[in-house]
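**Q**
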Amino acid sequence: MRRVPVSLLAAGFILASSLVQAQAPTTRVRGTVERVEASALSLKTPAGDAVTVALAPGYAVGGVVKASVSDIKKGGFIGVGARPQADGSLLAVQVFIFPEAMRGTGEGHRPWSVLPESTMTNATVAETVTRVDGANIVLSYPGGEQKVTITADANIIMAAPAQASDLAAGAQVALTANRQPDGSLVTNRITIAKAGAQLPL
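To convert a position in the sequence shown, counted from 1, into my numbering, add 1429.
#1: Nearest CA to the CA of VAL1602: which residue from SER1471, GLY1505 and ASP1611?
#2: Going by beta carbon distance, what residues of the same chain come within less than 7 Å of ALA1626, once the five residues before and after it are set aside?
#3: Using a Cβ-Cβ cut-off of 8 Å (strictly less than) and excluding sequence neighbours within five positions of ALA1597, which residues of its own chain qualify?
#4: Three-state secondary structure (DSSP) at VAL1558?
#5: Looking only at its own chain, which residues have a Cβ that is under 6 Å from the Cβ of LEU1630, when we skip the five neighbours before and after it?
#6: Give the DSSP bridge partners of GLY1510, in chain order.
#7: With respect to the beta strand (DSSP E) encompassing PRO1540, which residues constitute its N-terminal and C-terminal limits?
#8: Tell me, to the nearest whole angstrom, how far the beta carbon of THR1455 is from that of ARG1608; I am working on the premise that it is less than 8 Å.
#9: Determine, for LEU1520, whether the minimum Cβ-Cβ distance to residues of chain B falls below 8 Å.
#10: Could you compute how far the alpha carbon of ASP1562 sits from the alpha carbon of GLY1491?
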């Protein structure tokens, strides 16, 4: 097992929902760790299914921590998964605050296949107005901008270091696995939700 820079793991968190889906056969797995062995991870999914995923040699572990609207700063670079509202603005479902080293990653506005009728916008925060119940922000990217409402229901997270010892029973994890010809799953990167954080979709 190896640790990799938080910035590299951050790219995986945000881009997994779009880029890796084009590299079939892959599958996204989310769940609770039940057992950890030298080369395999046993999970229980939210639906109650038992899943075993083999750990590739040199697999990487990264974490996400809970963040808040106050962590979203003007000039910062963020990724927002959102649903459209009637007035043409967006309602954030998930916000990922990128490390500065990853500024520009996946910049732009595009469909987000994780949720129906949703979009992903990776952009710079051009302006922000904080309210008691959340914030209104404007995201700016080459060729356009998007107005986004962030409420208390949005999952706001940022990357954090993690290590193999964090893969203990009860840990909440998400990963993208490659499906082998025999149907088994193998992964080379695991994301762990630190205390209080929700996993990225």
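Glycine included, C-beta positions come from ideal geometry on N, C-alpha and C.
**A** In terms of the structure at hand:
#1: The option with the nearest alpha carbon to VAL1602 is SER1471.
#2: Cβ within range, chain order: VAL1493, VAL1494, LYS1495 and ILE1586.
#3: Within the same chain, ALA1597 has close Cβ partners VAL1462 and VAL1465.
#4: The answer is strand: DSSP assigns VAL1558 an E or B state.
#5: Closer than 6 Å at Cβ, skipping near neighbours: GLN1523 and VAL1543.
#6: Note: GLY1510 sits in a beta bridge opposite GLN1523 and MET1549.
#7: Its beta strand (DSSP E) spans residues 1537-1540.
#8: That belief holds up - the Cβ atoms of THR1455 and ARG1608 are roughly 7 Å apart, short of 8 Å.
#9: Of the protein chains in this structure there is only one, and it is not chain B.
#10: The straight-line gap from Cα to Cα measures roughly 30 Å.
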